[in-house]
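In this note's numbering, the protein residues as written are 8 to 387.
Glycine residues also receive a C-beta, built at the ideal position from the N, C-alpha and C atoms.
Input: a single structure, listed below in structure tokens.
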């Protein structure tokens, strides 16, 4: 009876009914499979699997819809007009879905590399440099791969349109002029693209590297894109620097090989100050400070002026923020010690007056002691 009623419906209604049932069945199977996979992942508590499933869930949902449409076509033909429309839509949608799925997989791989790199660093400081290297390479290659996938996908999609394909064939006839025009227009883009690939393999900078930017401030490399680099400064500001600058101009990278740094402090004291006593107190200050990494420290007389002598104090720390805080602590405690225990070490400005000359009137035969004071006519 049900089969008879379905046959009594118009062909278009039958087609839409079969199409809807197949799409709903495909989505239901997709939801069931997704819930089952999430249940398995939840029991294993694997962040890698969770990231992979989260990235692929949305494109796979639409892929399941395409599978449902394909199954409905096999059950009930759509007719000449429907077949033609379906073919045109598939030639445009299928490349888009394939590109979307490829992008999702690329982002999933990038997240997996990032998660595993961070996990390898936990409790192992020696792996921090290798972790930053892997994250930087994956970040740049992910952006390059995304750009290529998008360009190829758009190219395939546009070539399915007859008008666009005919224009492309026409333009190919004048490939010389088109090549020059495209090359001139795409020069900045290609330059940055090549620069990004070069940065990924030569590694002048990496994610979380500490660098000095043009303003003279220091900050961490936060993001590396195909055109620019985002530097997060110590005061939470962001500086956007063109990527090509790190390949064409010199810059400071404080964490190129390791994160340890040597902090320096300058003190200016009186030339008569007891330097050895200051050196002993610096030892107490540095050794008792938790920011010191235990490698080395030193106090030296680095310069001398007529008014003061310059003391350079060096102390090592595990990274740049610790080095800055350590230097501030040492400077503050050394100044407090000088003010309370060695005030003679404070630099003073000294003036020496020449001795006054004694007048001698003996050459004129005049007794200077008995000579009366003479004035002018006014008696002054």
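Judged by pairs of C-beta atoms under 8 Å, the segment 140-156 touches the segment 102-113, as three or more such pairs exist.
With a minimum length of 3 residues, the unbroken runs of beta strand (DSSP E) contained wholly in the segment 231-299 fall at 235-240, 245-249, 268-276. Between residue 278 and residue 316, the C-beta spacing is below 7 Å. When beta bridges are read from the DSSP output, residue 226 appears opposite 218, 240. Contact check for residue 324 and residue 268: beta-carbon distance about 6 Å, within the 8 Å limit, so the pair qualifies.
A Cβ-Cβ distance of about 6 Å is found for the pair residue 237 and residue 245, placing them in contact under the 8 Å criterion. Residue 242 sits away from residue 139, with the two beta carbons spaced by 7 Å or more. A distance below 7 Å between beta-carbons, with the five flanking residues on each side excluded, links residue 223 to no residue of its chain. Taking residue 234 as reference, the option from 206, 39, 38, 256 with the minimal CA-CA separation is 206. The three-state reading of DSSP puts residue 354 in coil, since its state is none of H, G, I, E or B. The segment 306-352 is shown to contain whole beta strand (DSSP E) runs of 3 or more residues at 316-324, in chain order. A Cβ-Cβ distance of about 6 Å is found for the pair residue 322 and residue 333, placing them in contact under the 8 Å criterion.
The three-state secondary structure of residue 45, taken from DSSP, is helix. Take the alpha-carbon of residue 119 and the one of residue 338: they are about 45 Å apart. Around the Cβ of residue 301, a 10 Å sphere holds fewer than 16 other Cβ atoms; the residue is exposed.
In this model, residue 70 and residue 45 are separated by some 19 Å (Cα to Cα). For residue 103, the CB contacts under 8 Å within the same chain, skipping 5 residues up- and downstream, are 160, 164 in chain order. For the pair residue 336 and residue 266, the CB atoms are not nearer than the 7 Å cut-off. When the five nearest sequence neighbours on each side are left out, the beta carbons in the same chain lying within less than 6 Å of the beta carbon of residue 229 are those of 237, 239, in order along the chain. Residue burial annotation: residue 96 is exposed, with fewer than 16 other C-beta atoms found within 10 angstroms of its C-beta.
Closest in C-alpha terms to residue 30, from the list 147, 293, 303, 73, comes 73.
By the Cβ test, the segment 277-296 is in contact with the segment 304-311, since at least three Cβ pairs between them sit closer than 8 Å. With a beta-carbon spacing of about 14 Å, residue 343 and residue 272 fall beyond the 8 Å limit used to define contacts. The shortest CA-to-CA distance from residue 297 to any of 330, 37, 63, 232 is the one to 330. According to DSSP, residue 304 shares a beta bridge with 322. A residue is called buried when at least 16 other Cβ atoms come within 10 angstroms of its Cβ; residue 47 does not meet this threshold and is exposed. By the beta-carbon neighbour count (other beta carbons within 10 angstroms, threshold 16), residue 117 is buried.
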